[in-house]
Amino acid sequence: MRTVKTALIGAGFVGPHHIEAARRLGFVDVVAVASSSQASAEAKAARLNIPKAYSSYEALLDDPEVEVIHNCTPNDLHLPVTMAAIERGKHVIADKPLALNSSDAQVMLDAAKKAGVVHAVTFNYRYNPLMQQARVMIARGDIGQVHFIHGHYLQDWLLYPNDYNWRLEKEGGASRAVADIGSHWCDLAGYLTGARLSEVLAEYTTVFPTRLKPAASREAFASASGEEKYDEYPVDTEDFASVLLRFDNGARGVFSVSQVSAGRKNGLEVGIDGRQAALAWKQERPNELWIGRRNEPNGAMLKDPSLLDPSIRHYAALPGGHGEAWADAFRNLLRNIYSFIAEGRSMDADAEKVDFPTFADGLESNRVVEAITASARAGGVWTRVTR
Ligand code: SOE
């Protein structure tokens, strides 16, 4: 595999994890990082052992050595950074949500297609070995026709009024919990079952309409130091939400998201109920797939390459009993993207080889989040996902 030269724009919470996953592939060189000032870019470059530091994303994008960028900026910068990268012919790996709204997502998708660059969005939970296995089992009819898809995605990192991050501000967009983590849940539900969401009914709740904003910004999951000074800050996005779902194949569903549920760290759970059997998976126990049955004892499939379907066995890198989790799924996703790039493939000509979420999936996710938000704002009415 030839070496691909990549760069990171935005080194907050998730950016360094993108870089670590890319480096694990062995054929990706991380050559540059950009941040909002030269001092912070240099500090991040030193911490992450990246050779070049740029004080603006434009300067980084003008570097001819850079072939690919990871756009890990706050949500409101996704559009300008991605568009500037596409204009310079760079491939783009964008963190989710792809855009603040579906019209911006459409602009990015159209531009990426026109420029012929590779475009990807990091819906990473798909690439856990047992999520791949569940998808194969559902597609081959092991659980029968799917009628109910349910679950939640619960976190606690915004539980206290002085928990703070850019996601609470306008940079985050019109939706917070649903856009940030509900987007993952809905993407996974669609990926596993092949069903598309057609209508949604939602209720949003803001527990803290006023938050305490610290003088210095904090990354996601970071706690207050106890010695900070605060300003009051009005917040109108949802701390938690509940959503009813109708899928285009007739299946129904329900999920909740929350950033204020004590003890729930990254509690993504999904259950798929079919006419013959059911499957359930918890992100925090990723090496177990629960299998529910009516007339036989329930089962649990442990992640073990020898038990996985041969078509997806390569998603497990370690033997059974050797746990694989969040970082490994992320590496699996990046391996699919970077192999495609290194092989010089085209998104159009090699469409059947695209085994990663693209800007089209990002656009779909923006549309779903928009419909959920519109439903909640209308007081909880069934709302179509418009395409
Ligand atoms: C914060 O809620 C966050 O980092 C999300 O932005 C990620 O997408 C999710 O994987 C973990 O939580």
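Under the numbering used here, the first residue of the sequence shown carries the number -14, and numbering increases by one thereafter.
From the three backbone atoms N, C-alpha and C, an ideal C-beta is built for every residue, glycine too.
It should be emphasised that the depicted structure is a prediction, and the values quoted were computed from it without experimental measurement.
So, with DSSP's three-state summary, where would you put residue i?
{"i": "Ile(-1)", "result": "Before going on, a small fix: residue -1 reads as Val here, not Ile. Of the three classes helix, strand and coil, the one that applies to Val(-1) here is coil, per DSSP."}
{"i": "Val92", "result": "helix"}
{"i": "Gly211", "result": "coil"}
{"i": "Tyr42", "result": "helix"}
{"i": "Leu64", "result": "helix"}
{"i": "Lys373", "result": "Nothing can be reported for residue 373: it is not among the residues displayed for the chain, which extend from -14 to 372."}
{"i": "Glu5", "result": "helix"}
{"i": "Ala285", "result": "strand"}
{"i": "Tyr300", "result": "helix"}
{"i": "Lys250", "result": "coil"}
{"i": "Arg270", "result": "coil"}
{"i": "Asp346", "result": "helix"}
State the beta-bridge partners of residue i as determined by DSSP.
{"i": "Asp389", "result": "The shown model of the chain, from -14 to 372, leaves out residue 389, and the question about it has no answer."}
{"i": "Leu264", "result": "Ile257 and Ile276"}
{"i": "Lys81", "result": "Lys81 is not bridged to any residue."}
{"i": "Asn56", "result": "Ile(-6) and Ala79"}
{"i": "Glu309", "result": "DSSP, once it has assigned bridges, lists no residue as partnering Glu309."}
{"i": "Phe225", "result": "Thr190 and Ser243"}
{"i": "Phe325", "result": "In DSSP, Phe325 forms no bridge with anything."}
{"i": "Tyr218", "result": "Arg196"}
{"i": "Arg231", "result": "Glu184 and Arg237"}
{"i": "Ala105", "result": "Ile78"}
{"i": "His135", "result": "Val239 and Gly256"}
{"i": "Val(-11)", "result": "Val13"}
{"i": "Val18", "result": "Leu(-7) and Ala38"}
{"i": "Arg369", "result": "Glu184"}
Just the Cα atoms here: how many angstroms apart are residue i and residue j?
{"i": "Ala236", "j": "Leu348", "result": "22 angstroms"}
{"i": "Val53", "j": "Asp313", "result": "21 angstroms"}
{"i": "Val131", "j": "Arg120", "result": "12 angstroms"}
{"i": "Asp289", "j": "Arg352", "result": "36 angstroms"}
{"i": "Leu186", "j": "Ser87", "result": "19 angstroms"}
{"i": "Lys98", "j": "Met332", "result": "8 angstroms"}
{"i": "Lys267", "j": "Trp275", "result": "9 angstroms"}
{"i": "Ile128", "j": "Asp258", "result": "8 angstroms"}
{"i": "Leu173", "j": "Ser20", "result": "31 angstroms"}
{"i": "Glu43", "j": "Ala69", "result": "7 angstroms"}
{"i": "Leu45", "j": "Ala24", "result": "15 angstroms"}
{"i": "Ala374", "j": "Arg278", "result": "Absent from the structure is residue 374, since the part of the chain shown begins at -14 and ends at 372."}
{"i": "Pro271", "j": "His137", "result": "15 angstroms"}
{"i": "Asn280", "j": "Ala262", "result": "10 angstroms"}
{"i": "Val51", "j": "His76", "result": "9 angstroms"}
{"i": "Cys373", "j": "Gln117", "result": "Since the displayed the chain opens at -14 and closes at 372, residue 373 lies outside it and no answer follows."}
{"i": "Ala334", "j": "Val255", "result": "34 angstroms"}
{"i": "Phe(-2)", "j": "Leu94", "result": "25 angstroms"}
{"i": "Pro219", "j": "Leu303", "result": "47 angstroms"}
{"i": "Leu139", "j": "Glu154", "result": "20 angstroms"}
{"i": "Val92", "j": "Ala207", "result": "33 angstroms"}
{"i": "Asp346", "j": "Ser360", "result": "21 angstroms"}
{"i": "Lys29", "j": "His3", "result": "14 angstroms"}
{"i": "Arg362", "j": "Ile297", "result": "41 angstroms"}
{"i": "Ala336", "j": "Ala159", "result": "33 angstroms"}
Please report the Cβ distance between residue i and residue j, rounded to the nearest whole angstrom; I am assuming they are in contact, meaning their Cβ atoms lie under 8 angstroms.
{"i": "Asp141", "j": "Lys250", "result": "7 angstroms"}
{"i": "Leu287", "j": "Asn109", "result": "Rounded, the Cβ-Cβ distance is 21 angstroms, inconsistent with contact."}
{"i": "Glu223", "j": "Arg161", "result": "6 angstroms"}
{"i": "Ser291", "j": "Gly305", "result": "7 angstroms"}
{"i": "Ile71", "j": "His55", "result": "Not a contact, Cβ separation roughly 14 angstroms."}
{"i": "Thr(-9)", "j": "Val13", "result": "6 angstroms"}
{"i": "Val106", "j": "Phe344", "result": "6 angstroms"}
{"i": "Glu156", "j": "Asn60", "result": "6 angstroms"}
{"i": "Ala374", "j": "Pro82", "result": "Within the shown structure, residues of the chain are numbered from -14 to 372, placing residue 374 beyond reach of any answer."}
{"i": "Val242", "j": "Ile134", "result": "Actually they are not in contact, since the Cβ atoms of Val242 and Ile134 sit about 15 angstroms apart, beyond 8 angstroms."}
So which of the options has the shortest CA-CA distance to residue i?
{"i": "Ser40", "options": "Phe12, Ser183, Val245 and Leu(-7)", "result": "Leu(-7)"}
{"i": "Ser350", "options": "Leu46, Phe133 and Ala84", "result": "Ala84"}
{"i": "Ala247", "options": "Phe225, Ala263, Asp233 and Phe232", "result": "Phe225"}
{"i": "Thr(-12)", "options": "Asp340, Glu355 and Ile326", "result": "Ile326"}
{"i": "Cys171", "options": "Trp151, Ala356, Arg203 and Gly364", "result": "Ala356"}
{"i": "Glu188", "options": "Pro1, Phe(-2), Ala(-4) and Thr368", "result": "Thr368"}
{"i": "Val354", "options": "Glu273, Leu182 and Asn321", "result": "Leu182"}
{"i": "Asn283", "options": "Ala265, Ile35 and Arg330", "result": "Ala265"}
{"i": "Val377", "options": "Val192, Leu229 and Asp340", "result": "Given that the chain is displayed from residue -14 to residue 372, the structure contains no residue 377 and the question cannot be resolved."}
{"i": "Asp216", "options": "Phe206, Ala207, Ser202 and Ser208", "result": "Ser202"}
{"i": "Glu184", "options": "Gly0, Met(-14), Pro1 and Gly365", "result": "Gly365"}
{"i": "Tyr145", "options": "Val163, Pro295 and Phe193", "result": "Phe193"}
{"i": "Tyr409", "options": "Leu33, Pro114, Ala(-4) and Arg9", "result": "Nothing can be reported for residue 409: it is not among the residues displayed for the chain, which extend from -14 to 372."}
{"i": "Pro342", "options": "Asp294, His104 and Gln91", "result": "His104"}
{"i": "Arg260", "options": "Gly126, Arg372, Asp294 and Tyr300", "result": "Gly126"}
{"i": "Gly179", "options": "Asp233, Lys214, Gly238 and Glu337", "result": "Asp233"}
{"i": "Gly238", "options": "Asp294, Ala209, Gly175 and Met122", "result": "Gly175"}
{"i": "His63", "options": "Ala38, Asp89 and Asp294", "result": "Asp89"}
{"i": "Gly252", "options": "Trp311, Ser296, Thr195 and Asp221", "result": "Trp311"}
{"i": "Asn6", "options": "Ile134, Ala336, Arg320 and Lys338", "result": "The sequence shown places Ala at residue 6, rather than the Asn named in the question. Out of Ile134, Ala336, Arg320 and Lys338, Arg320 has the C-alpha closest to the C-alpha of Ala6."}
{"i": "His169", "options": "Arg32, Tyr112, Lys214 and Arg73", "result": "Tyr112"}
Any heavy atom of the ligand ADP closer than 8 angstroms to the Cβ of residue i?
{"i": "Val(-1)", "result": "Judged by which ligands are present, the ligand ADP is missing from the structure shown, whose ligands are the ligand SOE."}
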